[in-house]
Amino acid sequence: MQVENTHPRCFLGLLSCLFLAGLYVGSLYVWRSSSPRDHPSVIKRRCASVLLVSVVSPAVVKTWIHWADVKADVSVWELMGLRMDGLVAASILPLLLTMVFYLGPLVHSAIDNPKGFTGEMQCALDVQSWRRCVGDAVWLRNQVVAPVTEELVFRGAMLPMLVPCTGPTGAIVTAPLFFGVAHFHHVIEERRLGKESMSVILLVAGMQFLYTTVFGAFTAFIFMRTGHVVGPVLCHSFCNSQGLPDISSALQHPHSSALLFSYLMGGLLFLVLLFPLTDQYFYGPIPICSLAPLPGSVC
1 MQVENTHPRC FLGLLSCLFL AGLYVGSLYV WRSSSPRDHP SVIKRRCASV LLVSVVSPAV
61 VKTWIHWADV KADVSVWELM GLRMDGLVAA SILPLLLTMV FYLGPLVHSA IDNPKGFTGE
121 MQCALDVQSW RRCVGDAVWL RNQVVAPVTE ELVFRGAMLP MLVPCTGPTG AIVTAPLFFG
181 VAHFHHVIEE RRLGKESMSV ILLVAGMQFL YTTVFGAFTA FIFMRTGHVV GPVLCHSFCN
241 SQGLPDISSA LQHPHSSALL FSYLMGGLLF LVLLFPLTDQ YFYGPIPICS LAPLPGSVC
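Counting from 1, one number per residue, gives the positions in the sequence shown under UniProt numbering.
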């Protein structure tokens, strides 16, 4: 991969990322509706819109390659993390790493389940429960459509366009900012519904920007280390199902000591396993790393 003329490439890359972020968010508002965002008809229309943007995103990357004069020796699909080499490992190890981080909440849920860990496993493997989920528009949006489309657009498409300018580490920091800012569109909907004051809406939006940016950096790291988009998608779906860890609830729990220990162990194990479980050994050569202007420590 030849990387020259850094400044034009930076400008084109950032402009293309901004275009994709605007296209993704803008596609949510092409449908006129007075119904709330969780109404099935609104969900279906918006899912169709973001799926269309996801289909268009490889063309944006291809156009950037042409305009930025990047001589690619791999396909656009490989740069976006759609490849077969190391696919099985990329589908398992990043998700396992994320589950380790959520050790505290998982133990918390098992303790509160009358059947314990056995009950949790039975719920996870219950066929009828999965059938109900598939028929639920909110579940499909949160667990399938949002993870697939957001990771493909905000990680798979944006990271290749940022790496030649910022390097791998810089791209991991920069790309999530587009992802975090994109979530500010919820302010428009909350303001329209008028359920909360503007100060409360902005406070919630600020908190959402913070955790979506941090999460975006994590999935960008996973993408950069594995060269696959499937890991970020599965991690995104799992995190959406779990929500933010509720440490305050753990502090008030009768088994607070055991829960806090599991939260602490989950965090420590996550840090210990972060690099070993994302080692290139499991995934083969990482196509996106060939775009780096200099060898990156993350790759």
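Note that the Cβ used here is the ideal one computed from N, Cα and C, for glycine as well.
Using the Cα positions of residue 58 and residue 175, report the straight-line distance between them to the nearest angstrom.
-> Locating residue 58 in the sequence shown gives position 58, counting from the first residue. Locating residue 175 in the sequence shown gives position 175, counting from the first residue. Answer to the nearest angstrom: the Cα atoms are 17 angstroms apart.
Taking three-plus beta-carbon pairs below 8 angstroms as touching, is the stretch 156-168 in contact with the stretch 25-33?
-> no
State yes or no: is the C-beta of residue 282 within less than 8 angstroms of the C-beta of residue 89?
-> Within the sequence shown, residue 282 is the residue found at index 282, counting from 1. Within the sequence shown, residue 89 is the residue found at index 89, counting from 1. It is a contact, given that the beta carbons lie within the stated cut-off.
Since residue 238 and residue 99 are thought to touch, with beta carbons under 8 angstroms apart, how far apart are those beta carbons, to the nearest angstrom?
-> As a first step, residue 238 is located in the sequence shown; it is residue number 238 there, counting from the start. As a first step, residue 99 is located in the sequence shown; it is residue number 99 there, counting from the start. Taking C-beta atoms under 8 angstroms as the contact rule, residue 238 and residue 99 qualify, at a distance of about 7 angstroms.
Beta-carbon spacing of residue 17, residue 152 below 8 angstroms | Taking the sequence shown and counting its residues from 1, the one referred to as residue 17 is at position 17. Taking the sequence shown and counting its residues from 1, the one referred to as residue 152 is at position 152. Not closer than 8 angstroms, so no.
Using the rule of at least 16 other Cβ atoms within 10 Å of the residue's Cβ for burial, across every protein chain shown, is residue 48 buried or exposed?
-> Residue 48 sits at position 48 when you count from the first residue of the sequence shown. Exposed, since its Cβ has fewer than 16 Cβ neighbours within 10 Å.
Compare the Cα-Cα distances from residue 101 to each of 54, 87, 215 and report the closest residue.
-> Counting from one through the sequence shown, the residue named residue 101 turns up at place 101. Comparing Cα-Cα distances from residue 101 to each of 54, 87, 215, the minimum goes to 215.
Report all residues from its chain with a CB closer than 8 angstroms to the CB of residue 250; omit the five preceding and five following residues, and keep chain order.
-> In the sequence shown, residue 250 corresponds to position 250, counting from 1. Cβ within range, chain order: 104, 108, 256, 259, 260, 263.
Does the pairing of the stretch 210-228 with the stretch 58-70 give three or more beta-carbon distances under 8 angstroms?
-> no
So, residue 227 versus residue 83, is the Cβ gap smaller than 8 angstroms?
-> Residue 227 sits at position 227 when you count from the first residue of the sequence shown. Residue 83 sits at position 83 when you count from the first residue of the sequence shown. Yes, these two residues count as a Cβ contact at 8 angstroms.
Could you give the C-beta distance for residue 292 and residue 168, rounded to a whole number, given that I count them as a contact under 8 angstroms?
-> Counting from one through the sequence shown, the residue named residue 292 turns up at place 292. Counting from one through the sequence shown, the residue named residue 168 turns up at place 168. Yes, residue 292 and residue 168 are in contact; Cβ-Cβ is about 5 angstroms, under 8 angstroms.
Residue environment, residue 236, which counts as buried when at least 16 other CB atoms sit within 10 Å = Stepping through the sequence shown from its first residue, residue 236 is reached at position 236. Residue 236 comes out buried.
Candidates 23, 271, 13, 31, of which the one nearest residue 68 by Cα | The residue labelled residue 68 in the question sits at position 68 within the sequence shown. If we check each option's Cα against that of residue 68, 13 comes out closest.
If we ignore side chains and look at the alpha-carbon of each, how far apart do residue 290 and residue 79 end up?
-> Counted from its first residue, the sequence shown places residue 290 at position 290. Counted from its first residue, the sequence shown places residue 79 at position 79. Answer to the nearest angstrom: the Cα atoms are 9 angstroms apart.
Report all residues from its chain with a CB closer than 7 angstroms to the CB of residue 130; omit the five preceding and five following residues, and keep chain order.
-> Position 130 of the sequence shown, counting from 1, holds the residue named residue 130. Closer than 7 angstroms at the Cβ level, and outside the excluded window around residue 130, lies no residue.
Would you list, in sequence order, the uninterrupted alpha helix (DSSP H) runs of no fewer than 4 residues that lie entirely inside the stretch 51-100?
-> 76-79
Specify the secondary structure class of residue 231 as computed by DSSP and reduced to three states.
-> Translated into positions along the sequence shown, residue 231 becomes position 231. Looking at residue 231 - three-state DSSP - the assignment turns out to be helix.
Output the distance between the C-alpha atoms of residue 4 and residue 21, rounded to the nearest integer angstrom.
-> Taking the first residue of the sequence shown as 1, we reach residue 4 at position 4. Taking the first residue of the sequence shown as 1, we reach residue 21 at position 21. With a pLDDT of 48 at residue 4, under the threshold of 50, the modelled position of this residue cannot be trusted; read the value that follows with caution. Distance between the alpha carbons of residue 4 and residue 21: 26 angstroms.
Buried/exposed call for residue 135, threshold 16 Cβ in 10 Å = Looking up residue 135 in the sequence shown gives position 135. That one is exposed.
Own chain, CB closer than 6 angstroms to residue 287, minus 5 neighbours either side, in chain order = By one-based count along the sequence shown, residue 287 stands at place 287. Hits under 6 angstroms: 74, 78, 79, 227.
Under 8 angstroms, do residue 270 and residue 97 count as touching if we go by C-beta distance?
-> What you label residue 270 is simply residue 270 of the sequence shown in a count that begins at 1. What you label residue 97 is simply residue 97 of the sequence shown in a count that begins at 1. Their beta carbons are under 8 angstroms apart, which means residue 270 touches residue 97 by this criterion.
Beta-carbon separation (whole angstroms), residue 54 vs residue 230, contact threshold 8 angstroms = Stepping through the sequence shown from its first residue, residue 54 is reached at position 54. Stepping through the sequence shown from its first residue, residue 230 is reached at position 230. 14 angstroms between Cβ atoms; not a contact.
Could you work out which residue in 139, 7, 171, 110 is closest to residue 221 when comparing CA atoms only?
-> Taking the first residue of the sequence shown as position 1, residue 221 is located at position 221. When each option's Cα is compared against that of residue 221, the closest is 171.
Indicate the three-state DSSP secondary structure (helix, strand or coil) for residue 365 in the structure shown.
-> A query on residue 365 cannot be resolved here, the shown segment of the chain reaching from 1 to 299 and no further.
Residues of its chain near residue 143, where Cβ-Cβ distance is below 8 angstroms and the 5 sequence neighbours each way are ignored = Numbered from its first residue, the sequence shown carries residue 143 at position 143. Only 133, 237, 240, 241 meet the Cβ criterion.
Applying the criterion that 16 or more other CB atoms from any shown protein chain within 10 Å of the CB defines a buried residue, is residue 300 buried or exposed?
-> Since the first residue of the chain shown is 1 and the last is 299, residue 300 is not available in this structure.
Smallest Cα separation from residue 71: which of 225, 164, 7?
-> Residue 71 sits at position 71 when you count from the first residue of the sequence shown. That would be 164, whose Cα lies nearest to the Cα of residue 71.
For residue 299, which residues of its own chain have a beta-carbon under 7 angstroms away from its beta-carbon, when the five flanking residues on both sides are left out?
-> Within the sequence shown, residue 299 is the residue found at index 299, counting from 1. Excluding positions up to five away in sequence, the list reads 168, 224, 286, 289, 292.
Assumed close pair residue 234, residue 40 - CB separation to whole angstroms, cut-off 8 angstroms | Looking up residue 234 in the sequence shown gives position 234. Looking up residue 40 in the sequence shown gives position 40. That belief does not hold up - the Cβ atoms of residue 234 and residue 40 are roughly 25 angstroms apart, past 8 angstroms.
Nearest to residue 219 by CA position, among 150, 248, 266, is which residue?
-> As a position in the sequence shown, residue 219 is number 219, starting the count at 1. Of the listed residues, the one whose Cα sits closest to residue 219 is 150.
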